[in-house]
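Residue numbers (the working numbering), protein chains in the order written: chain V, 1 to 93; chain H, 101 to 193; chain W, 201 to 293; chain D, 301 to 393.
Even glycine gets a Cβ: it sits at the ideal position worked out from N, Cα and C.
Worksheet: one structure, shown below.
Take a look at the structure:
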């Protein structure tokens with residue numbers, strides 16, 4: 001992963017950590033359920049942003065490398081991995 | 101929200117906080133992209149678990165109350181709120 | 201379900217049927233994968249539109265009725281049903 | 301797309317078409333909302349199955365080709381396309 005991408009992802013995760021703590025406080029303060037769900041949705045969206053950064057990097061590096069290989073098994077393995085990740089994205093949102 | 105539900109949700113969010121920190125470490129250590137994405141997916145799934153707790157509570161309390169009301173506007177408002185939350189669930193996974 | 205809602209949902213499903221046939225044609229004509237995926241995504245979005253119509257109707261009728269009941273088991277059953285639907289929405293997008 | 305993959309995708313879409321017609325009938329017959337939603341979820345899941353077939357084919361052919369190219373712009377374009385598809389998958393489930 002390029003340093004720039006990695007630093008960006010880490011910075012976002014740090015912000016996400018703060019948001020998760022914020023939701024704990026909202027629960028402790030007895031805030032309205034719908035407001036809490038708006039916040040959890042925002043955190044999920046932010047996590048997807050991190051996932052996109054990591055996924056884009058993965059396609060540009062590991063997958064790109066494997067595709068240049070003459071070994072069909074290596075290519076097949078990478079495609080399967082990407083498909084598994086996409087399935088996970090769907091299942092867990 | 102019942103105390104038991106709230107405490108459960110807070111405990112889960114604390115664990116999620118730790119998981120988010122763990123992903124930061126994985127990035128710093130240059131771990132494999134697909135392993136990182138497996139972890140982010142696990143965190144998203146855990147957040148959905150919290151959302152389900154909050155949503156179930158919301159239906160059992162606020163929505164149940166509103167449905168008993170004779171004021172159709174109050175009922176319509178609650179249904180619209182629930183539909184908005186469902187739309188958010190879909191959009192952000 | 202009100203007649204208006206039902207007719208709207210049926211009209212949309214008829215349009216979706218046509219879109220699904222269109223995707224079959226795209227495949228037969230050997231169209232570009234990404235264009236096909238854009239179409240499948242549009243159909244999924246259209247199906248979610250139908251789901252929202254049905255869900256909104258369900259909340260306004262069956263769920264609203266159950267919430268007025270004095271039988272806690274009936275209320276619990278409806279909430280569980282709604283939660284199951286939400287879980288399905290998440291899993292299958 | 302290989303003939304085998306294409307035929308499989310077309311066969312599935314034909315089945316999906318029948319399922320969509322079945323949901324129209326359920327609505328006309330005034331069937332229970334939750335049963336209808338179970339069916340729409342099944343159709344969405346079936347569409348995702350088609351999307352996976354098309355996506356896998358896309359990665360194995362167009363993306364694999366582009367990755368072998370020496371033109372960084374061509375590679376970047378394919379990666380961007382895949383990322384856009386993933387975003388659509390998330391948004392529309």
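Supposed contact pair residue j and residue i - C-beta distance, whole angstroms, cut 8 Å
| i | j | result |
| --- | --- | --- |
| residue 280 of chain W | residue 183 of chain H | About 19 Å; that fails the 8 Å criterion. |
| residue 217 of chain W | residue 331 of chain D | No, residue 217 of chain W and residue 331 of chain D are not in contact; Cβ-Cβ is about 18 Å, not under 8 Å. |
| residue 390 of chain D | residue 89 of chain V | 6 Å |
| residue 44 of chain V | residue 192 of chain H | 4 Å |
| residue 154 of chain H | residue 33 of chain V | 5 Å |
| residue 323 of chain D | residue 336 of chain D | 6 Å |
Check: residue i C-beta below 7 Å from any heavy atom of the ligand NAD
| i | result |
| --- | --- |
| residue 257 of chain W | Of the ligands one can find in the structure shown there are none, so the ligand NAD has no counterpart to examine. |
Next on the checklist: Could you check whether the segment 36-53 of chain V touches the segment 129-144 of chain H, counting it as contact only if at least three pairs of C-beta atoms, one from each stretch, sit closer than 8 Å?
Outcome noted: yes
Item to check | Chain-ordered residues of the segment 357-372 of chain D with a beta carbon less than 9 Å from chain V | outcome: 359, 360, 363, 364, 365, 366, 367 and 368
Checklist entry - Taking a cut of 8 Å between CB atoms, which residues from the segment 226-254 of chain W lie near chain H? => result 248 and 252
Next on the checklist: Assess contact between the segment 103-111 of chain H and the segment 20-39 of chain V, defined as three or more Cβ pairs (one per stretch) separated by less than 8 Å. Is contact present?
Outcome noted: With the cut-off at 8 Å, the segment 103-111 of chain H and the segment 20-39 of chain V touch.
Next on the checklist: Ignoring anything shorter than 4 residues, give me the alpha helix (DSSP H) runs that lie fully in the segment 128-182 of chain H, in order along the chain.
Outcome noted: 133-158 and 164-168
Next on the checklist: I want to know whether the segment 61-68 of chain V touches the segment 158-172 of chain H - three or more CB-CB distances under 8 Å.
Outcome noted: no
Checklist entry - Using a beta-carbon distance cut-off of less than 8 Å, what residues from the segment 4-21 of chain V approach chain H? => result 6, 9, 10, 13, 14, 16, 17, 20 and 21
Next on the checklist: Tell me which residues of the segment 177-191 of chain H have at least one Cβ-Cβ distance to chain V shorter than 9 Å, keeping chain order.
Outcome noted: Flagged, chain order: 181, 182, 184, 185, 188, 189, 190 and 191.
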